[in-house]
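Visitor: Questions regarding the structure given below will be posed in turn.
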Amino acid sequence: MKRYSYILVFFLLATAISADAQLGGISNRMRGGGFGSGKGGGSGSKDSLHHRTGLEDSITINFRYLDSSRYQKFDSSINDFSRKFLIPANYLYLGNTGSAAKSLLFSPLLKAGWDAGFHSYDIYRLKPEETRFFNTTRPYTELGYLIGSKQEQVVNAMHTQNINPNWNVAFQYRLINSPGYFKNQNASQNNYRLSSFYQSPNRRYHLFFALMNNKIQAAENGGVRNVKDLDDLPTNKDRSTIDVFLGAVKPTTINPFSVTVNTGTKYKIFNFLLRQQYDLGKKDSVETDSVVIHLFYPKLRLEHTVQVNNYTYSFSDALVDPYNDTNFYRPNYNFIAMPSKYLVQDKWNEIVNDFSVYQFPDEKNSQQFIKLGASLQNLKGTFDASTANYYNTWAHAEYRNKTRNQKWDVEANGELYFTGLNAGDYNAFISLKRYISKKVGYLQVGFQNVNRSPSFIFNSASSFNISNVSGFNKENYTRISGSLEQPRYKLRLLANYFLVANYSYFADYYHAKQSSSPFNLLQVSAEKEFQLRKHLKWILEITLQQRAGNGPVNVPLLYTRSRIGYEGSLGFKKLLMATGFEIKYNTPYKADGYSPVLGQFYYQDTNTVKLKLPTINLYLHLRIRSFTAYVRMENLNTARTKEGFGFTNNNLAIAGYPYPGMQFRVGIFWSFVN
């Protein structure tokens, strides 16, 4: 596979150079956020992307998110693969792309109101709040293909174009297919999103439309039966021969184009959103030598949003056998007997209607507004033993102000649930950001308090509440945050203080519990880019976490990631290259266990998980105008010479779930302007 991957990369590089020479290239200026933060930056943030024909100037592409009026540019940096890959750098996962994952950093769900409670696969979803609404002067397409060891494949496609100057449509598709290294570990996920933004010629009416569908399938093997089998060489050098708790006894045939999940998690999530706005305000115009540009300054905005969402969360085992029944389901879930086919499932249908009113104090600053609104939510839950209907009503308010001198950025919002399933829930948030000076940079402070009902999986009506526990009190989270961002010195400091009361959690494979005593947790992070030589850089990320009190939360005291490498052009004007190595490490800690049936990580205080060696990755990233390639050798730390050379010194993600050995990945991304 490696040989064919190399041939494919070199062929595409040559094709990209040839095509770019004929088309004239793409050079639209791109902008990112802070370096090493997943928001852009790095040396590539100064690059540009546009398509030249000799007759016209460059393409202009902007995008905005649903609840923000600020337009942004694409990030063109190539030094951080995690911005292109599905799994964030600070996440642990269960050993295969597409498997359950969670952050190594404490990050509770700070959301009031109804929540189904299934978040172990959130990083693979396309979400409404992450939908980008574009405005582009020409049709733009981006294609991506990643191939990795053990026939891992990730396909990405995105296209956007303006039907006319006031109407844009966009489409995104993503496919994940990863058979994995161990038995019954295969994952297959299929996502698509269709979005559109329309603005009337008089600029009074705006329409936002988003439709997305996520189909997530991931086999669950329950972990390896005996971790010592990882060191039994050469017998188990082929990791697919190691016994696991769930799934077929014999390794299944790998088909890179079709993955069948007989024992595992299956989620289907459909989201539909339609937002309409109508503005009342003042007309204006600007006259140039040959064109009259019509302007409109809103004073009052009326907004209606409707959302229709369907959620299906299920775990199924179509191959239950007496061996699995006796050695996994019975001791871990207290099941007396298992049927030959087992299914547990929650289904939800949700309709939300929201009406809001905006008022703009400064008619020439759309970044300053006051928003008031009210929402009605209707829910229908279908469970294994019952069906139930619920509703919620709540009010919300918001104030934002990005001052015209760009020095102050203020955001404050709140919501309160009056009646229904989650009556009494609330969320209050405020953030103040101030530009101090070139020497100091940007200072931001924030406060948030959330009072929320525990997720519905803790409700006795849920099919996944196997322990049938109910009567939990509302959870309460207080978060105080601060950050200092200094672009001049390429430095970013962050701090979060959490105070948590009535924390709900799973204490083992199925017992739901709630902590009776409050606890707090302090989290401090730093990101810094060091210029070691002219083109040699060291990008360091480090986080310290410490819990105080008897809370059922365990996190590593230290998490760090370093990237040290060359960034430059090697003297070629149209080439940008980043190459070097990446090291990730976290201190030993009592990592959560994982419950396959529930799809939940659970708290445990017995087994300490310790990395044998820090994770080491080598990378070579290239960009030639519109063509980008990522070539990576990951988990080189697993190399050892026991019973012959091999990559078998596996680290554990959590107890019973090893990370894979060395992974070779090649990813290509190609942008087109029509």
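Positions in the sequence shown are counted from 1; adding 69 to them yields my numbering.
Built from N, CA and C at the ideal position, the CB exists for glycine as well.
Keep in mind the model is a prediction, meaning the values are calculated, not measured.
What's the call for G217, buried or exposed, on a 16-neighbour Cβ count within 10 Å?
Guide: Along the sequence shown, one-based indexing puts residue 217 at 148. Label assigned to G217: buried.
Visitor: Between F251 and S309, which are expected to be in contact by the criterion C-beta below 8 Å, what is the C-beta distance as a whole number of angstroms?
Guide: Counting from one through the sequence shown, the residue named residue 251 turns up at place 182. Counting from one through the sequence shown, the residue named residue 309 turns up at place 240. Their Cβ separation, rounded to whole angstroms, is 6 Å, which keeps F251 and S309 in contact under 8 Å.
Visitor: In this structure, how does DSSP classify E199 when only helix, strand and coil are distinguished?
Guide: The residue labelled residue 199 in the question sits at position 130 within the sequence shown. E199: helix per DSSP, three-state reduction.
Visitor: For R573, is the classification buried or exposed, using 16 other Cβ atoms within 10 angstroms of its Cβ as the cut-off for buried?
Guide: By one-based count along the sequence shown, residue 573 stands at place 504. It is worth fixing the name first, because residue 573 is Ser in this sequence and not Arg. Its Cβ being crowded by 16 or more others within 10 Å, S573 is buried.
Visitor: Excluding the five sequence neighbours on either side, which residues of its own chain have a C-beta within less than 6 Å of the C-beta of T122, listed in chain order?
Guide: Within the sequence shown, the letter at position 53 stands for residue 122. Because the pLDDT of T122 is 40, which lies under 50, any placement of that residue in the model is unreliable, and the number read from its coordinates should be weighed accordingly. Cβ within range, chain order: n/a, list empty.
Visitor: Verify whether the separation of the beta carbon atoms of S61 and S539 is less than 9 Å.
Guide: No information on residue 61 is available, as it lies outside the stretch 70 to 743 that the chain covers here.
Visitor: Closest to A288 by C-alpha separation, out of D386, F599, L605, would be which residue?
Guide: For the purposes of this step, residue 288 is taken as residue 219 along the sequence shown, with counting starting at 1. The shortest Cα separation from A288 among D386, F599, L605 belongs to D386.
Visitor: Please list, in chain order, all residues of the same chain as H275 whose beta carbon is under 6 Å from its beta carbon, the five residues on each side excluded.
Guide: Here residue 275 refers to the residue found at position 206 of the sequence shown. These residues qualify, in order along the chain: Q268, Q346.
Visitor: Quick one: give me the first and last residue of the beta strand (DSSP E) that G496 is part of.
Guide: Mapped onto the sequence shown, residue 496 falls at position 427. Correcting the residue type first, residue 496 is Asn in the shown sequence and not Gly. 495 to 506 is the extent of the beta strand (DSSP E) around N496.
Visitor: Near V700, what residues of its chain come up, given a Cβ to Cβ distance below 6 Å and the 5 sequence neighbours on each side ignored?
Guide: Along the sequence shown, one-based indexing puts residue 700 at 631. These residues qualify, in order along the chain: L689, V735.
Visitor: Name, in chain order, the residues that DSSP records as bridge partners for W236.
Guide: Sequence index remark: in the sequence shown, residue 236 carries index 167 (1-based). Its beta-bridge partners are N233, Y267.
Visitor: What's the call for R694, buried or exposed, on a 16-neighbour Cβ count within 10 Å?
Guide: Counting from 1 along the sequence shown, the entry for residue 694 is found at position 625. Buried: at least 16 other Cβ atoms inside 10 Å.
Visitor: Hey, could you find the ends of the beta strand (DSSP E) P367 is sitting in?
Guide: Taking the first residue of the sequence shown as 1, we reach residue 367 at position 298. P367 -> beta strand (DSSP E) spans 361 to 386.
Visitor: Any idea what DSSP makes of I420, helix, strand or coil?
Guide: What you label residue 420 is simply residue 351 of the sequence shown in a count that begins at 1. Of the three classes helix, strand and coil, the one that applies to I420 here is strand, per DSSP.
Visitor: Compute the Euclidean distance between the alpha carbons of V678 and N720, then round it to the nearest angstrom.
Guide: By one-based count along the sequence shown, residue 678 stands at place 609. By one-based count along the sequence shown, residue 720 stands at place 651. So the alpha carbons of these two residues sit roughly 9 Å apart.
Visitor: Classify P621: buried if its beta carbon has 16 or more other beta carbons within 10 angstroms, exposed otherwise.
Guide: Here residue 621 refers to the residue found at position 552 when the sequence shown is read from its first residue. By the 10 Å Cβ count, P621 comes out buried.
Visitor: With 16 as the cutoff for other CB atoms within 10 Å, does S638 come out buried or exposed?
Guide: The count along the sequence shown starts at 1 and reaches residue 638 at position 569. With fewer than 16 Cβ atoms within 10 Å of its Cβ, S638 is classed as exposed.
Visitor: Would you call the CB atoms of Y579 and S506 closer than 9 Å?
Guide: The residue you call residue 579 lines up with position 510 of the sequence shown. The residue you call residue 506 lines up with position 437 of the sequence shown. Not a contact, by the Cβ cut-off of 9 Å.
Visitor: For L155, count neighbouring Cβ atoms within 10 angstroms of its own Cβ and tell me buried if that reaches 16, exposed if not.
Guide: Stepping through the sequence shown from its first residue, residue 155 is reached at position 86. With 16 or more Cβ atoms within 10 Å of its Cβ, L155 is classed as buried.
Visitor: Could you pull out every residue in the same chain whose Cβ sits closer than 6 Å to the Cβ of A570, ignoring the five residues on either side in sequence?
Guide: Here residue 570 corresponds to residue number 501 of the sequence shown, with the count starting at 1. Closer than 6 Å at Cβ, skipping near neighbours: N545, P587.
Visitor: Cutting at 7 Å between CB atoms, please list the residues of its own chain near L412, excluding the five before and the five after it.
Guide: Sequence index remark: in the sequence shown, residue 412 carries index 343 (1-based). These residues qualify, in order along the chain: S383, S385.
Visitor: Spatial neighbours of R294 within its chain, please: C-beta separation below 7 Å, excluding the five flanking residues on both sides.
Guide: As a first step, residue 294 must be located in the sequence shown, where it is residue number 225. The answer, listed in chain order, is D312, V313, F314.
Visitor: If you draw a straight line from the alpha carbon of Q222 to that of N259, how long is it in whole angstroms?
Guide: As a first step, residue 222 must be located in the sequence shown, where it is residue number 153. As a first step, residue 259 must be located in the sequence shown, where it is residue number 190. Approximately 12 Å, taken between the alpha carbons.
Visitor: From K18 to K368, what distance separates their C-alpha atoms?
Guide: This structure leaves residue 18 out entirely; the chain is present only between 70 and 743.
Visitor: Identify which residue in T472, T462, D423, N233 has its Cα closest to the Cα of S435.
Guide: Here residue 435 is taken as the residue at index 366 of the sequence shown, counted from 1. If we check each option's Cα against that of S435, T472 comes out closest.
Visitor: Is the distance from the Cβ of T604 to the Cβ of E636 below 9 Å?
Guide: As a position in the sequence shown, residue 604 is number 535, starting the count at 1. As a position in the sequence shown, residue 636 is number 567, starting the count at 1. As written in the sequence, residue 604 is His, which differs from the Thr given in the question. Cβ distance < 9 Å, so H604 and E636 count as in contact.
Visitor: If you draw a straight line from the C-alpha of G640 to the C-alpha of A698, how long is it?
Guide: Counting from one through the sequence shown, the residue named residue 640 turns up at place 571. Counting from one through the sequence shown, the residue named residue 698 turns up at place 629. Rounded to the nearest angstrom, the two C-alpha atoms are 19 Å apart.
Visitor: From D478, D423, T304, pick the residue whose C-alpha is nearest to that of G515; which is it?
Guide: In the sequence shown, residue 515 corresponds to position 446, counting from 1. Answer by Cα proximity: D478.
Visitor: Quick one: what's got a C-beta closer than 6 Å to D298's C-beta in the same chain, skipping five residues either side?
Guide: For the purposes of this step, residue 298 is identified with residue 229 of the sequence shown, where counting begins at 1. So the list reads N305, I311, once near-sequence residues are dropped.
Visitor: On a Cα-Cα basis, can you pick out the residue from M646, G634, R616 that is closest to R602?
Guide: Position 533 of the sequence shown, counted from the first residue, corresponds to residue 602. When only C-alpha atoms are compared, the closest one is G634.
Visitor: Nearest to F187 by CA position, among V624, M731, N491, T381, is which residue?
Guide: Within the sequence shown, the letter at position 118 stands for residue 187. Checking every option, the nearest Cα to that of F187 belongs to T381.
Visitor: Apply the 10 Å Cβ neighbour rule to V375 and answer buried if 16 or more other Cβ atoms are within range, or exposed otherwise.
Guide: Taking the first residue of the sequence shown as position 1, residue 375 is located at position 306. Per the 10 Å Cβ criterion, exposed.
Visitor: What whole-angstrom Cβ distance do G182 and Y486 have, given they're in contact under 8 Å?
Guide: Numbered from 1 along the sequence shown, position 113 holds the residue referred to as residue 182. Numbered from 1 along the sequence shown, position 417 holds the residue referred to as residue 486. Their Cβ separation, rounded to whole angstroms, is 6 Å, which keeps G182 and Y486 in contact under 8 Å.
Visitor: Report the start-end ranges of each beta strand (DSSP E) in the region 611 to 654 that is 3 residues or longer and not cut off at the edges.
Guide: Runs of the beta strand (DSSP E) inside the region 611 to 654: 627 to 637.
Visitor: Could you tell me the alpha carbon to alpha carbon distance between A170 and D661, rounded to whole angstroms?
Guide: Along the sequence shown, read from residue 1 onward, the residue named residue 170 stands at position 101. Along the sequence shown, read from residue 1 onward, the residue named residue 661 stands at position 592. Each residue's alpha carbon lies about 11 Å from the other.
Visitor: What three-state label does DSSP hand G579 in the structure shown?
Guide: The sequence position of residue 579 within the sequence shown is 510, counting from 1. According to the sequence provided, residue 579 is Tyr. The question's Gly does not apply to it. In the structure shown, Y579 sits in coil (DSSP, three-state: anything other than H, G, I, E or B).
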